[in-house]
Amino acid sequence: MTDSNRRTNSGADVIELGRFQIDLGIRALHQGGQIVPLGSRAFEILAVLASAAGRIVTKSELMDAVWPKTVVDECNIHVQLSALRKALGADRGLIVTIPGRGYHLNQRPRAIRGAVADSRASLKPGLAVRDMELTGRDTAVGEIRTLLQTAHLLTLVGAGGIGKTSLAKEIARRVADGFSGTVCFVELATVSTHDAVLLKIAEACALRSPDAAIEITQFAAALSSKKMLLVLDNAEHVIDAVAWIVDGLIAACEHLRVLVTSREPLRIMGETIYKVEPLDVPTPGSTEDEILGCSAVRLFLLRANTLQRSRDVVGANVHLVGEVCRRLDGLPLAIELAASRVEALGLQQVHRYLNDRFSLLTGGYRTALPRHQTLRATFDWSFSLLNPASQLLFGRLAVFSGGFNFEAMCGVVCDENYAVADAISCINDLVAKSLVNVEFDGPVSLYRLSESTRAYALEKLLAEGEQKLIAVRHASYLSRCWHPQSTGRPSDPSGREADLNEWLENARSAFDWAFSAQGDVQVGVGLAASLAEVLLETGLIDECCMRAERAINSLNELRPASIDTRAEMRLLATLASALPYAGGHVSRPVEHRATIKARQSA
């Protein structure tokens, strides 16, 4: 059903449905005078149902109307209906499912005359109609449009593959009319010098031919009276040049607005920073409806179903899709690349090979920039922009499997050749370039690497030949944090629960390394004693017994003189305290070792 048909059937460009107004002219849903964030496919479904005036609309009718030239699976309808019901909030019951027949609205819509919002922005040269809708970014689009009303410089900052370019293009399309149609989109990926950046911008703004020189003063004078949105995409590798040019243009051009995408801010006066976040992913234990409501899952299904392999990603497998999206940290590029592999490998194999994600996640769009065609290329690009000291810190941080604070970082990465001052400078660099995430709990900063970032950092740590050195420091530091005489014990009543959780996640990882074939049992014994005590105190009895027995059994690999006797006694004492609650028995080697120690101490 075409837009014109829907308007004819309803008799108006605007349809009132309870507290909502459906504007068919600008394809927007309104409530209380505000636009309700809603994807284009979900809106089309709502428009079809509203135009049906209470009649039941079959699934085939919806598919013909919403995906007229595309072969898709019914799963797409479920995904979009989930998003639509989420947008309706408390009024989600307006849409009724009739099993085996289709859908209808349980309240009759009312046609009204006149629009409730501004007309759509027309598309401008260089911003072609997109083939695929922008998924999960309706809230971000609304927030950025609001910021652009007052901010002269707005920088979209985020990790590689987070979707900054797609978001910037969508914004440019939507706000074009507000700038009298003058929107210049400049792709900076291919330039590398100050003059090349300036020339590229001038060329896009039709101010000079490609082979003519231009000065910033001439450029500013030419733009000074224009109401324009200038979009500068992929600025991170020429960040100094872009900062200098933008600073000069904004100072001279009252009506100019600049939107920049970069992996780090420009750091100039007047800059407003918008951090582009990953798509939302389902938490463990989510229901099927909750999983389908997550934007990361919707993107995966959209890309996978485009390849007509939807049967692999419906039904019971939807939980596996949620797991894939969660392990990919909601990163749109990684999710799209994973979905593209479903056609050849199937969903089970895609999930299985996530441990080798840099080999799996290749084959991006041929028209994309080279660094967006594989996940590894995206990280290679980010890594190349770091100075050597930041590169070294980045690799060393791979040893942290959970969150970590500044004290923990310095305790592991700093040495006689890498001072605390170096760590301060470089962690700021990594956070600014979106390679390390930072959270704040009161005055304390907590750092964290996403799973994909950590996997890449671990490769760099291995390449430097430092894995064992840093892993030993990591295990030793965690052991010291929990030493019985330590004032900073994770479970101290005055401490924060978050500290304990982060310590446990890191300690488990360090324990697994220490007692692996590549590990160091001698270092691991002290950590094992600390970890077993924490597990006992927090009521994780089975895990306490399992890890304590594993550590005690491993002591047979060491020479008696090299064993930390105090740590061994702590292990045995903790295990003895835990066993009555576990209802189990220790292995013979552990029992034998405990007997010997008892005799020695008698």
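In the numbering used here, each residue carries its 1-based index in the sequence shown increased by 11. Even glycine gets a Cβ: it sits at the ideal position worked out from N, Cα and C.
1) Helix, strand or coil for G113, going by three-state DSSP, please let me know.
2) Report, in whole angstroms, the separation of the C-beta atoms of A61 and P110, which I expect to be a contact under 8 Å.
3) Mapping the DSSP letters down to three states, classify M615 as helix, strand or coil.
4) Would you grab the beta carbon distance between A593 and C556 for me? Rounded to a whole angstrom, and I think it's under 8 Å.
5) In whole angstroms, give me the CA-to-CA distance for A543 and L489.
6) So, helix, strand or coil for F411, using DSSP?
7) Cutting at 7 Å between CB atoms, please list the residues of its own chain near A434, excluding the five before and the five after it.
8) Could you tell me the distance, in whole angstroms, from the CA atom of L365 to the CA atom of R338?
9) Determine, for D75, whether the minimum Cβ-Cβ distance to residues of chain B falls below 9 Å.
10) Per DSSP, T108 is paired with what?
11) Please classify R500: does DSSP put it in a helix, a strand, or coil?
12) Does the Cβ-Cβ distance between P289 and G153 come in under 9 Å?
13) For F451, count neighbouring Cβ atoms within 10 angstroms of its own Cβ and tell me buried if that reaches 16, exposed if not.
14) Out of W78, Q533, A589, state which residue places its alpha-carbon closest to the alpha-carbon of T549.
15) To the nearest whole angstrom, what separates the beta carbons of F390 and I346, a pair I think is in contact under 8 Å?
16) Comparing alpha-carbon positions, which option in K237, K286, A213 lies nearest E256?
17) On a CA-only basis, which of P295, T150, L209 is nearest V287? Give me that one, please.
18) Identify every residue that forms a DSSP beta bridge with L165.
19) Count the other CB atoms, across all protein chains shown, that sit within 10 Å of the CB of G104; report buried if there are 16 or more and exposed otherwise.
20) E247: which of A409, L199, C492 sits nearest, CA to CA?
21) To the nearest angstrom, report how far apart G112 and I67 are at their CA atoms.
22) Below 8 Å on the Cβ atoms is my contact criterion, and I expect V186 with L240 to pass it. Report the Cβ-Cβ distance as a whole number of Å.
23) Taking the CB atoms as reference points, tell me whether V536 and S565 lie closer together than 9 Å.
24) May I ask which residues mark the beginning and end of the beta strand (DSSP E) holding D34?
25) For T498, collect the residues of the same chain with a Cβ closer than 8 Å to its Cβ; drop the 5 residues on either side in sequence, then sort them by chain order.
26) Contact check, G414 vs E513 under 8 Å by CB: the rounded distance?
27) What are the boundary residues of the beta strand (DSSP E) that includes N564?
28) Which class does Q229 belong to by DSSP, given the choice of helix, strand or coil?
29) Report all residues from its chain with a CB closer than 8 Å to the CB of V208; omit the five preceding and five following residues, and keep chain order.
30) Note down, in chain order, each residue of its chain lying with its Cβ closer than 6 Å to the Cβ of A350, except the 5 sequence neighbours on either side.
31) Under three-state DSSP, which class holds D84?
32) If you draw a straight line from the C-alpha of S321 to the C-alpha of E568, how long is it?
33) Using only the alpha-carbon positions, how far apart do E85 and A170 sit?
34) Does DSSP classify I26 as helix, strand or coil?
35) Could you check where the beta strand (DSSP E) with C195 kicks off and where it finishes?
By the coordinates alone:
1) strand
2) Between P110 and A61 the Cβ distance is about 22 Å, and since that is not below 8 Å, they are no contact.
3) With the chain covering only 12 through 613, there is no way to say anything about residue 615.
4) 5 Å
5) 13 Å
6) coil
7) L404, M420, C421, V424, C425
8) 8 Å
9) The structure shown has no chain B; it contains just one protein chain.
10) Y114
11) Confidence at R500 is low in this model, with a pLDDT of 49, below 50, so its placement is unreliable and the value that follows should be read with caution. Reduced to three states, the DSSP call for R500 is coil.
12) no
13) exposed
14) A589
15) Wrong, their Cβ atoms sit about 16 Å apart, outside the cutoff.
16) The sequence as given places Ile at residue 256; Glu does not occur at that position. I256 has its Cα closest to that of A213, out of K237, K286, A213.
17) T150
18) L270, T283
19) exposed
20) L199
21) For the sequence presented, residue 112 should be read as Arg rather than Gly. Each residue's Cα considered, the two are about 8 Å apart.
22) 6 Å
23) yes
24) 31 to 34
25) The predicted model places T498 with a pLDDT of 45, which falls under 50 and marks its position as unreliable, so this point remains unresolved.
26) 4 Å
27) Counting along the chain, N564 falls outside any beta strand (DSSP E), though it belongs to the alpha helix (DSSP H) covering 552 to 565.
28) helix
29) L199, V202, V249, A252, V253, I256
30) F311, R314, A315
31) coil
32) Caution is warranted here: a pLDDT of 46 is assigned to S321, below 50, making its placement in the model unreliable, and no coordinate value can be reported.
33) 33 Å
34) strand
35) 194 to 198
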